[in-house]
Structures are given as structure tokens and as C-alpha cells.
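Inspection log for the structure reproduced underneath, given as C-alpha cells.
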Amino acid sequence: MDHVDHILIVDDDREIRELVGNYLKKNGLRTTVVADGRQMRAFLETTPVDLIVLDIMMPGDDGLLLCRELRAGKHKATPVLMLTARNDETDRILGLEMGADDYLVKPFAARELLARINAVLRRTRMLPPNLVVSEAGRLLAFGRWRLDTSARHLLDNDGTMVALSGAEYRLLRVFLDHPQRVLNRDQLLNLTQGRDADLFDRSIDLLVSRLRQRLLDDAREPAYIKTVRSEGYVFSLPVEILGDQS
């Protein structure tokens, strides 16, 4: 039987939950709706989902806190699309910093939400367009790190694992497959997102900042990802392919 994507909708507004849930069902998706973080946690304990639509403005634990919690736990790889009632760049930046894969401002058209859900699912299941990679899993070595492309996590020299979000992994893959080459923000957006979502360029800066943190790279004097003024970024170290992991 073909897989039907399961979408979990977390929103305290009953009308929005029912509207979104019914629309997504009519368009071939399986949906579950819950009203708050407590219900979200209880549901995820027993049932895996393919994507979470998470409202920011909720009483109790808000969407930003819940997104950060998801990214720190066993659901760190589950894509998150955040909803915000305010057309405020601060909310969007915070959502991306917490690890959200995309955002949508209320009020929104259900058709646009469906398009963004499909785009996020597509991006998380496919390597970025124009990215040349081996079909087999590989270990890519650079500096003190290795990237396991099968498990999609980092390993340091001691073998300690560092988990990556989907967006962080895609950005790192772009840098590792284009080492020592300056890439501007438009190129990075196209390679990591395919322009499926209307993300603003600062999202790339936020992703670079998060990736530097994962690599323990000093933003003031980075050894791995250097900023090229007025141009973009360059991954400054050579990359070695250690072998297939198949």
C-alpha cells in the first residue's frame, strides 16, 4: 500500500484546526488535530508523523518552546511548519532558529499551506537539486569532523555524534560538495530549498550560524565556514571521501 503522509496539526483555535484538517484530508493527506503541547506530546509518544504544523501563539507552552523541545528530542528529524498570527520578522527568525523548516503567516489560504507542506516534505526526502552525490552512504571527512551521509549526523574525532536538523544537513552537504568555492545567498537558497518556499535571505545567515555552532566554529574567526563580504560564504577546508557506508 502506498504511504499516505500523516500531518499533525497543533493549534488552540478549534476553527483553524478543523478547517485545515478537513482541507488536507480532502487533498489526500492523513491528519490529526490537537489543541496544545500536552496533547501533542501524548500523541507523539504512540504515533509517528511525517510533518507537524505548529502554531506559535498558544496558551501555556507556545510553539517556539515546543519546536525547540522537538528538536532536542527523539522527533528532531520530523519537519515542522510554524504558523504565526503576526507578520513579524522576529517571530519568523526565532522559529527558524528553533529549527522550524518553514513558516506561514495567519491569515493564510489553505491551498498555500498545502503547497508549503508538500514542499517541505519533498525537501526533507530528497537531496537538494543540483547537488551531486553518491547513491551509497558515505563518510565525508573535514577538519576534526566526519559526516555520515546515511545516518545524517556528524561525528567528531572521538566518535561523538552530533545530530543535525534537516535544514542544517542540507546546508552542510552543499558546502561539502562545493568546498573552497564562494556561494552567494541566492545559490545557497536554490541548492538547499529549491525556492519552493518564500524564505527571506536572512534564513541562510541563520542556518549558517546554527551550523557553525554544530561545528564548534568561532563566528569571529571561523575555520570552516568563512563569510566573504558582499558575496556570500565559502567552506574553506578540503573534503575527503573516506568511502561508501553501504
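If you read the sequence shown in numbering that gives the first Met the number 0, its first letter stands for residue 0, the second for the next number, and so on. Glycine included, every Cβ here is placed at the ideal spot set by N, Cα and C.
Query: Bounding residues of the alpha helix (DSSP H) (the contiguous stretch that carries residue 247); Result: What is shown of the chain runs 0 to 245, which leaves residue 247 out entirely.
Query: Per DSSP, cross-strand counterpart(s) of residue 160; Result: 154
Query: Residue closest to residue 61, alpha-carbon to alpha-carbon, out of 114, 82 and 72; Result: 82
Query: Exposure label - residue 218; buried when at least 16 CB within 10 Å; Result: exposed
Query: Validate contact between the region 74–81 and the region 107–125 using beta carbons, cut 8 Å, 3 pairs; Result: yes
Query: Coil, strand or helix - residue 30 by DSSP; Result: strand
Query: Beta-carbon proximity check, residue 221 vs residue 178, cutoff 8 Å; Result: no
Query: Per-residue burial, residue 172 [other beta carbons within 10 Å of its own, 16 or more giving buried]; Result: buried
Query: Own chain, CB closer than 6 Å to residue 36, minus 5 neighbours either side, in chain order; Result: 60 and 65
Query: Residue 259 in three-state terms, based on DSSP; Result: Any property of residue 259 remains undetermined from this structure, which presents the chain solely from 0 to 245.
Query: Residues that residue 81 bridges to, as DSSP identifies them; Result: 53 and 102
Query: Residue nearest to residue 53 in terms of C-alpha spacing, selected from 104, 45, 27 and 21; Result: 104
Query: Cβ neighbours of residue 28 in the same chain (closer than 6 Å, five flanking residues each side left out); Result: 4 and 6
Query: Extent of the continuous beta strand (DSSP E) to which residue 19 belongs; Result: From DSSP, residue 19 is part of no beta strand (DSSP E) but of the alpha helix (DSSP H) over 13–25.
Query: Of the residues 73, 144 and 212, the one placed nearest residue 241, counting alpha carbons only; Result: 144
Query: Cβ-Cβ distance between residue 211 and residue 203 below 8 Å; Result: no
Query: Where residue 236 sits in the DSSP three-state scheme; Result: coil
Query: Residue 200, buried or exposed, once every other Cβ within 10 Å from all chains shown has been counted against 16; Result: The predicted model places residue 200 with a pLDDT of 48, which falls under 50 and marks its position as unreliable, so this point remains unresolved.
Query: Chain-order list of residues whose beta-carbon lies under 7 Å from that of residue 180 (same chain, five-residue window excluded); Result: 233
Query: For residue 33 and residue 20, believed in contact at Cβ under 8 Å, the rounded distance; Result: Residue 20 to residue 33, Cβ: 10 Å. No contact.
Query: Contact belief for residue 94 with residue 70 at Cβ below 8 Å, rounded distance in angstroms; Result: With a Cβ gap of about 11 Å, residue 94 and residue 70 do not count as contacting.
Query: Residue 197, buried or exposed, once every other Cβ within 10 Å from all chains shown has been counted against 16; Result: Unreliable placement is indicated for residue 197, whose pLDDT of 46 sits below 50; the coordinate value is still reported in the next sentence. Exposed, because fewer than 16 other Cβ atoms sit within 10 Å of the Cβ of residue 197.
Query: Limits of the beta strand (DSSP E) - the one that residue 296 falls within; Result: In the structure displayed, the chain extends from 0 to 245; residue 296 sits before or after that span and is not available.
Query: Paired residues, beta bridge with residue 9 - DSSP; Result: 33 and 53
Query: Integer Cβ distance of residue 74 from residue 50, believed to fall under 8 Å; Result: Actually they are not in contact, since the Cβ atoms of residue 74 and residue 50 sit about 11 Å apart, beyond 8 Å.
Query: Cross-strand partners of residue 182 (DSSP beta bridge); Result: 232
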